[in-house]
Amino acid sequence: MGSLPAGWSTNPPCEKKVLRRSTSSMTRSQVHRFWRAKHSQSREHLKDAQRALALARNQSIISETSEVGRDDYCYRDIHNQRAEV
């Protein structure tokens, strides 16, 4: 079973190609390191997106409350001035 059919030749691999192939493969630790870095990058991107969303929400809430709160503050100021006068 292990022999080749007649007419098939097996050339020994070139030493340079064998060396290049063996140095180009990654070890298990290199693969784990790559995926850890990849997951870390995606987590950081997600955190940045969540921070940006929270900041945008806070700014919109502040602008909404400042719009609503202006009338209240004006009323309070007028009311306080009347009390002082």
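Following the working numbering, the numbering of the sequence shown begins with 2 at its first residue and continues without gaps. Glycine included, each C-beta is placed from N, C-alpha and C at the ideal position.
Between residue i and residue j, what straight-line distance do the alpha-carbon atoms span, to the nearest angstrom?
{"i": "residue 32", "j": "residue 66", "result": "51 Å"}
{"i": "residue 43", "j": "residue 15", "result": "41 Å"}
{"i": "residue 37", "j": "residue 9", "result": "45 Å"}
With a cut-off of 8 Å, does the C-beta of residue i fall near any C-beta of chain D?
{"i": "residue 37", "result": "Chain labels in this structure do not include chain D; a single protein chain is all it has."}
Give every residue of the same chain whose Cβ lies closer than 7 Å to the Cβ of residue i, excluding the five residues on either side of it in the sequence, and list them in chain order.
{"i": "residue 46", "result": "none"}
{"i": "residue 56", "result": "none"}
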